[in-house]
Amino acid sequence: MYKYTQFDADFVRQRNAQFRAQIERRLNGSLTEDEFKPLRLMNGLYLQLHAYMLRVAIPYGTLNGGQMRQLAMIAERWDKGYGHFTTRQNIQFNWPKLPDVADILDALGDVEMHAIQTSGNTIRNVTADHFAGAAADELEDPRPYAELIRQWSTDHPEFQFLPRKFKIALSGSPRDRAVTRAHDIGLRMVKRQGVIGFEVIVGGGLGRTPMIGKVIREFIPPAELLPYLEAIVSVWNLLGRRDNKYKARIKITVHEHGIDKIKALVEERFALLRDSFQGNDQRLLEQIRTGFAPPDFKTGPLKTFEQRYGFDRVFRDWVDTNTHPHRNNAYAIVSISLKTPGKTPGDASAEQMRVMADIAELYGHDELRVSHEQNLILPHVHKSDLEAVHKAMQGAGLGTANIGLISDIIACPGMDYCALATARSIPIAQEIATHFDALKAEHDIGVLKVKISGCINACGHHHIGHIGILGLDRAGVENYQITLGGDATETAAIGDRAGPGFSADEIVPAIDRLVAAYLTHRIDASEIFLQTYRRVGLAPFKQALYPTAARGKQANAA
Amino acid sequence: MLRPFIDKVVTANDLREGDVVYLTETNNWTRHLSEAEVLQDEATAKARLTAGSGDVLKIIGAYLADVTAAETGPEPRHFREEFRRTGPSNYFHGKQESAENV
Numbered sequence: 021m022y023k024y025t026q027f028d029a030d031f032v033r034q035r036n037a038q039f040r041a042q043i044e045r046r047l048n049g050s051l052t053e054d055e056f057k058p059l060r061l062m063n064g065l066y067l068q069l070h071a072y073m074l075r076v077a078i079p080y081g082t083l084n085g086g087q088m089r090q091l092a093m094i095a096e097r098w099d100k101g102y103g104h105f106t107t108r109q110n111i112q113f114n115w116p117k118l119p120d121v122a123d124i125l126d127a128l129g130d131v132e133m134h135a136i137q138t139s140g141n142t143i144r145n146v147t148a149d150h151f152a153g154a155a156a157d158e159l160e161d162p163r164p165y166a167e168l169i170r171q172w173s174t175d176h177p178e179f180q181f182l183p184r185k186f187k188i189a190l191s192g193s194p195r196d197r198a199v200t201r202a203h204d205i206g207l208r209m210v211k212r213q214g215v216i217g218f219e220v221i222v223g224g225g226l227g228r229t230p231m232i233g234k235v236i237r238e239f240i241p242p243a244e245l246l247p248y249l250e251a252i253v254s255v256w257n258l259l260g261r262r263d264n265k266y267k268a269r270i271k272i273t274v275h276e277h278g279i280d281k282i283k284a285l286v287e288e289r290f291a292l293l294r295d296s297f298q299g300n301d302q303r304l305l306e307q308i309r310t311g312f313a314p315p316d317f318k319t320g321p322l323k324t325f326e327q328r329y330g331f332d333r334v335f336r337d338w339v340d341t342n343t344h345p346h347r348n349n350a351y352a353i354v355s356i357s358l359k360t361p362g363k364t365p366g367d368a369s370a371e372q373m374r375v376m377a378d379i380a381e382l383y384g385h386d387e388l389r390v391s392h393e394q395n396l397i398l399p400h401v402h403k404s405d406l407e408a409v410h411k412a413m414q415g416a417g418l419g420t421a422n423i424g425l426i427s428d429i430i431a432c433p434g435m436d437y438c439a440l441a442t443a444r445s446i447p448i449a450q451e452i453a454t455h456f457d458a459l460k461a462e463h464d465i466g467v468l469k470v471k472i473s474g475c476i477n478a479c480g481h482h483h484i485g486h487i488g489i490l491g492l493d494r495a496g497v498e499n500y501q502i503t504l505g506g507d508a509t510e511t512a513a514i515g516d517r518a519g520p521g522f523s524a525d526e527i528v529p530a531i532d533r534l535v536a537a538y539l540t541h542r543i544d545a546s547e548i549f550l551q552t553y554r555r556v557g558l559a560p561f562k563q564a565l566y567p568t569a570a571r572g573k574q575a576n577a578a
Numbered sequence: 414m415l416r417p418f419i420d421k422v423v424t425a426n427d428l429r430e431g432d433v434v435y436l437t438e439t440n441n442w443t444r445h446l447s448e449a450e451v452l453q454d455e456a457t458a459k460a461r462l463t464a465g466s467g468d469v470l471k472i473i474g475a476y477l478a479d480v481t482a483a484e485t486g487p488e489p490r491h492f493r494e495e496f497r498r499t500g501p502s503n504y505f506h507g508k509q510e511s512a513e514n515v
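Here it is, written out as structure tokens:
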């Protein structure tokens, strides 16, 4: 793992000391809330419905056992004993008290973590494929580049007052697990004539105006990556609209000016910037790379694993559902589900965090990842250790075998916590998950990505769910709109709105009807929901959702 | 046509703890909606909001929330305010933790 240099450690410590003094000045009245707000936001501190919320970055989703244990300590000492993992590889604490926040940040600094630029109009936490450095299908680990981008973007003097927030995601694999097409900048690693580089995608994003990003550069070699990124952000910084926050994101800039004009401006700026980096970034990249050396993979017999896999059905289901192919055949990537039906998606208790920290240290080369799907990952587990890992997970309520299935739901905090929300998300996720769990049907239903947001800002990624659910306030009542056919991967697509929304009571039966329609129309079990939707289109699903409307139409036609 | 005025309370979050608070008749901040001062006309509501907002060492983000007067005190008219005076629905946290707070 990347280790802080003395510079990094000093920088975070100094920043924390500054914020400690700013909090004191707010509490004694030297700073007004208007003065304090931008300062707290650039340190990740929000005010939510019931309390403050501290958003802590987990850069490119990577953390070790010691860091996870410290998160558990923070959860117990200063919060209510749990944390919430988010779709942007952050962890949120929902109940910190303002006078404690400086101590929390110091405790984070002790384990090389921080909350810098997790809010505000800055370049946010740089996210990456949660299987980075482990996936069998990967070209190269994208995280050294992610760390380089983090260092470049942190406190970048030109980019502290951007028109709006700015999000960057990286993938090192042709399989896009980092949602690169729904980020302000998505970087997809590609190989050209044996040379690694990045396809640069710009102007993707969800929120009130969902857009799939466009390719602005088909190939940028690593040596030119930072100047090219700087050129993009710099062009947008001047051109982006500051008159209307709903039109400020780069997706709107690209949409209004056209990708060709933006590309021309970026290339022009890039030509000016390219030489100014003078190779310093590349020297830094080489240093950073040493922090991402692959672990010392062990060898050992797999016979016991294979035997257990053969006769233990529960274990086999978990292995089949929750592990992915590792680039080392004797290893597996383990996804730990934070989606036990009935629980809050993405939440882990302090006790569970400690169990995961222990397991990572014992069996996982001391590495953990946070996925944008709000699960945790053990990226490197030797197959002979899977049984022990599974047992430990089961004992901690972390053994649910549902990765990628209908109960593995992304849900934002919604109106249970969020000041921006228009409806609740969590109870809807809980009801859908428990409903299908009780039917014992989800393995038959297969891969089905349900994503729920409690407002149009779309933190719950509803636009790119196979089934997306958007919670709205309709005349003082919670109402849920359904979108269908969204896709977060390399074949990214924004879902189609199915029709009028449903009340909280109607939403589970509506999802049930959608699933029944899928089971009726699929060719066989190998065709997943999204494929069936793409093949047959919206009509049969719409009919399933609105049977009375369909009957009414027939009657009218007759 | 002038719409009839809907009763209001001044609500905010406590500066230190973030907890939801309401302005009382005696210019204090209470954690209990039932103890909040109910404002029955536009001018009073505006004046009380201005007064409450000035309490910058105690609270943050004051605004007016619609309520309906009831025998037990004001009741929220919107579900958002219902959640604010209760707490989240996924854990027994927030105000509901101590029943007398609701």
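So the protein lines, in turn, are chains Y and D.
This note's numbering runs 20 ahead of the 1-based position in the first sequence.
This note's numbering runs 413 ahead of the 1-based position in the second sequence.
Don't be surprised by glycine CBs; every beta carbon is placed ideally from N, CA and C.
In terms of Cα proximity to residue 497 of chain D, the closest of D:508, D:504 and D:487 is D:508. Under the three-state reduction of DSSP output, residue 445 of chain D falls in the coil class, being neither helix nor strand. Contact check between the region 109-125 of chain Y and the region 34-46 of chain Y: three or more CB pairs, one atom from each, fall below 8 Å, which counts as touching.
A residue is called buried when at least 16 other Cβ atoms come within 10 angstroms of its Cβ; residue 307 of chain Y does not meet this threshold and is exposed. Residue pairing for residue 345 of chain Y: DSSP places it in a beta bridge opposite Y:352. Among the residues of the region 352-377 of chain Y, those with a Cβ less than 7 Å away from any Cβ of chain D are 364, in the order of the chain. For residue 405 of chain Y, no Cβ of chain D is located within less than 8 Å of the residue's own Cβ. Annotation for residue 283 of chain Y: the continuous alpha helix (DSSP H) segment containing it runs 279-293. Contact holds between the region 99-118 of chain Y and the region 368-380 of chain Y, because three or more Cβ pairs, one in each stretch, are under 8 Å apart. Under the 10 Å beta carbon count, residue 237 of chain Y is surrounded by 16 or more other beta carbons and is classified as buried. For residue 511 of chain Y, no beta strand (DSSP E) run applies, since DSSP gives it neither H nor E.
Neighbours of residue 435 of chain Y in chain D, taken as residues at a C-beta separation under 8 Å, are given in chain order as 492, 493 and 496. Per DSSP, residue 547 of chain Y has no beta bridge partner at all.
Approximately 6 Å separates the beta-carbon atoms of residue 338 of chain Y and residue 419 of chain Y; this is inside 8 Å, confirming the contact.
Taking 8 Å as the upper bound for CB-CB distance, residue 181 of chain Y and residue 173 of chain Y are not in contact here, some 14 Å apart. In this structure, residue 70 of chain Y places its C-beta atom within 8 Å of the C-beta atom of residue 433 of chain D. Residue environment: residue 50 of chain Y is assigned as exposed (fewer than 16 neighbouring CB atoms within 10 Å of its CB, all protein chains considered). Below the 7 Å Cβ cutoff, chain D contributes no neighbours of residue 471 of chain Y, its closest Cβ being approximately 18 Å away. In this structure, Y:219 is the residue among Y:219, Y:316, Y:23 and Y:177 with its C-alpha nearest to the C-alpha of residue 194 of chain Y. For a cut-off of 8 Å, the C-beta gap from residue 161 of chain Y to residue 187 of chain Y is around 21 Å, too long to register as a contact.
Look at residue 21 of chain Y here: in three-state DSSP terms it is coil, with no helix or strand label. For residue 542 of chain Y, the secondary structure class from DSSP, reduced to helix, strand or coil, is coil. Of the candidates Y:409, Y:523, Y:207 and Y:102, Y:523 places its Cα closest to the Cα of residue 443 of chain Y. For residue 465 of chain D, there is no enclosing beta strand (DSSP E); the residue is found in the alpha helix (DSSP H) stretching over 455-466. Against residue 426 of chain D, the close residues of chain Y are 67, in the order they occur along the chain (beta-carbon pairs closer than 7 Å). Here residue 496 of chain Y is not near residue 445 of chain Y, since their CB atoms are 8 Å or more apart. Of the other Cβ atoms in all chains shown, fewer than 16 fall within 10 Å of the Cβ of residue 543 of chain Y; this residue is therefore exposed. Setting aside the 5 residues that flank it on each side, residue 305 of chain Y is surrounded in the same chain by 164, 165, 168 and 242, each with a C-beta closer than 8 Å to its C-beta; the list follows chain order. Between residue 261 of chain Y and residue 143 of chain Y, the alpha-carbon positions lie close to 17 Å from each other. Between residue 467 of chain D and residue 117 of chain Y, the CB-CB gap reaches or exceeds 8 Å. Nearest CB-CB separation between residue 432 of chain D and chain Y: below the 8 Å threshold.
For the region 102-121 of chain Y, residues whose beta-carbon sits nearer than 9 Å to a beta-carbon of chain D comprise 102, 114, 115, 116, 117, 118 and 119.
Nearest Cα to residue 431 of chain Y within the set Y:213, Y:83 and Y:482: Y:482.
Within the region 63-90 of chain Y, the residues whose Cβ lies closer than 7 Å to any Cβ of chain D are, in chain order, 67, 69, 70, 71 and 72. Ranking Y:311, Y:393, Y:23 and Y:520 by CA distance to the CA of residue 508 of chain Y puts Y:393 first. Linking residue 484 of chain Y to residue 504 of chain Y through their CA atoms gives a straight-line distance of about 9 Å.
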